[in-house]
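Mapping of the sequence shown onto full-length UniProt numbering: position 278 corresponds to residue 278, and the numbering continues sequentially without gaps.
Positions of the beta carbon are idealized from the N, C-alpha and C atoms, including for glycine.
Keep in mind it's a predicted model, so treat the numbers as computed, not measured.
So the structure is just underneath, and the comments pick up after that.
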Amino acid sequence: MDDAGDGLDADLDQSDPASADEVDEVRPPGASRAARGGRNLTVATVVGLGLLVATVAAAWFDPRVFAVLVYGFLVAAVIEWRRALLLQGRKVPMVPLVLATLGMGSATWFGRAEGLTVAVLVGLAGIVAWRAVDERIENTLADSLASVFTLLWIPFLGSFIIMMEQADNGWQRVVVFVVAVVGNDTGGLFAGMLWGRHKMAPTISPNKTWEGFVGGVVLGTVAATVAAMLLLDGRWWLGTLVGLACTASAVLGDLAESAIKRDIDVKDMSSAIPGHGGVMDRLDSLLLAAPAAYVVFAAALGTLGR
1 MDDAGDGLDA DLDQSDPASA DEVDEVRPPG ASRAARGGRN LTVATVVGLG LLVATVAAAW
61 FDPRVFAVLV YGFLVAAVIE WRRALLLQGR KVPMVPLVLA TLGMGSATWF GRAEGLTVAV
121 LVGLAGIVAW RAVDERIENT LADSLASVFT LLWIPFLGSF IIMMEQADNG WQRVVVFVVA
181 VVGNDTGGLF AGMLWGRHKM APTISPNKTW EGFVGGVVLG TVAATVAAML LLDGRWWLGT
241 LVGLACTASA VLGDLAESAI KRDIDVKDMS SAIPGHGGVM DRLDSLLLAA PAAYVVFAAA
301 LGTLGR
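Rendered as structure tokens:
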């Protein structure tokens, strides 16, 4: 989601020919070149709406279904990330990472925050031990640190989404959270395309602009405010706080993934989601926004209360 071809937060300065050329370079194989803005907006919109509806429906229908959906995406993201690291010579073990991710899911479901804490510690120990018994000694420290980072970045942060869902009004919290992030992505995209002129972080994500950032914050916060007013007994102020926290965190998540992808020389994690790139290209902003939303909700309503 860091460049114009990655996700809904790509803020493309349409007046800059170099930006359009760069978009062509980062477009994954097989992607349409019809949209010079970097991707087929129709496909991206349809797929994005489908994912949004499926997520909200699962959260409303049954927390167990929602948990399976979330951890399915997290496992897919871990596998994508591992593949990207392998291309750079980092040996990140898939089996213990996937097992640790699933273990976090079970521990979070049954033990909430305490269970997640224990699962993280066990997972970290298991991953380091797995690498330690490997016969190869080259790059042991670098590989172990990459594995630890993967575990903390993807399944640990993603588990906060499940902890939000476990509250008495869990699905409502999840909807406000998701609406804030989607609003930020959408507002950033269109504000950047229409008015984007001033680069936000040109060395990390050349197509991000301050105009897009403002547009994302405004739309994300307004959307979360309206959602909270409708779903959380009129507490619009809580939606405003969640919206501000999520939009700021989402942008940091986008930039963080952009910097990491540039460091490992990867443009898109995969082409698994038409119009959006890989699973990680959809999750990057959600991952950092999830703990931010969880903390705001917990401070205002308690971890389980209404």
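Counted within 10 angstroms of its Cβ, other Cβ atoms place residue i as buried (16 or more) or exposed
i      : result
Phe156 : buried
Arg173 : buried
Val242 : buried
Phe61  : exposed
Leu286 : buried
Arg282 : buried
Met94  : exposed
Val217 : buried
Ala167 : buried
Ala34  : A caution first: Ala34 carries a pLDDT of 39, below 50, which makes its placement in the model unreliable, though a value can still be read off. With fewer than 16 other Cβ atoms within 10 Å, it is exposed.
Val53  : exposed
Ala31  : Any reading at Ala31 is ruled out, since the residue's pLDDT is 36, under 50, leaving its predicted position unreliable.
Check whether residue i and residue j have beta carbons under 8 Å apart
i      : j      : result
Ala289 : Phe177 : yes
Ile137 : Pro96  : no
Gly183 : Ala248 : no
Ala250 : Val179 : no
Leu85  : Ile264 : yes
Leu74  : Thr117 : no
Ala292 : Ala259 : no
Leu255 : Ala201 : yes
Val222 : Glu80  : no
Rounded Cβ spacing between residue i and residue j (contact assumed at less than 8 Å)
i      : j      : result
Phe66  : Ala59  : 5 Å
Tyr71  : Phe160 : Between Phe160 and Tyr71 the Cβ distance is about 13 Å, and since that is not below 8 Å, they are no contact.
Ala107 : Gly115 : 4 Å
Trp195 : Ile162 : Not a contact, Cβ separation roughly 37 Å.
Close Cβ partners of residue i (< 6 Å) along its chain, the five nearest in sequence each way excluded
i      : result
Leu252 : Leu288
Thr303 : none
Gly105 : Tyr71
Ser144 : Val128 and Arg131
Pro63  : Glu165
Ala119 : Gly103, Met104 and Ala107
Pro82  : The sequence given here has Arg at residue 82, not Pro. The answer, listed in chain order, is Val92 and Met94.
Val266 : Ala84
Contacting residues, own chain, Cβ-Cβ under 8 Å from residue i (five flanking each side not counted)
i      : result
His198 : Thr209, Trp210 and Glu211
Rounded C-alpha distance that separates residue i from residue j
i      : j      : result
Arg169 : Val175 : Before going further, note that residue 169 is Asn rather than Arg in the sequence given. If I take the Cα positions, the gap works out to 10 Å.
Leu189 : Ile154 : 24 Å
Gln88  : Leu141 : 15 Å
Ala112 : Ala227 : Here residue 112 is Arg; the residue named in the question, Ala, does not match the sequence. Looking at the two C-alpha atoms, the distance is approximately 25 Å.
Ala146 : Arg90  : 7 Å
Trp171 : Met164 : 8 Å
Gly50  : Leu69  : 14 Å
Phe149 : Trp237 : 35 Å
Leu232 : Val56  : 15 Å
Arg235 : Met229 : 5 Å
Gly123 : Leu152 : 10 Å
Val133 : Val92  : 13 Å
Lys261 : Asn139 : 20 Å
Thr45  : Pro206 : 23 Å
Ile204 : Asp284 : 15 Å
Ala298 : Glu257 : 27 Å
Gly215 : Leu99  : 40 Å
Ala300 : Gly239 : 11 Å
Gly158 : Met193 : 30 Å
7 Å CB neighbourhood of residue i in its chain, flanking five on each side removed
i      : result
Val296 : Leu241, Val242 and Ala245
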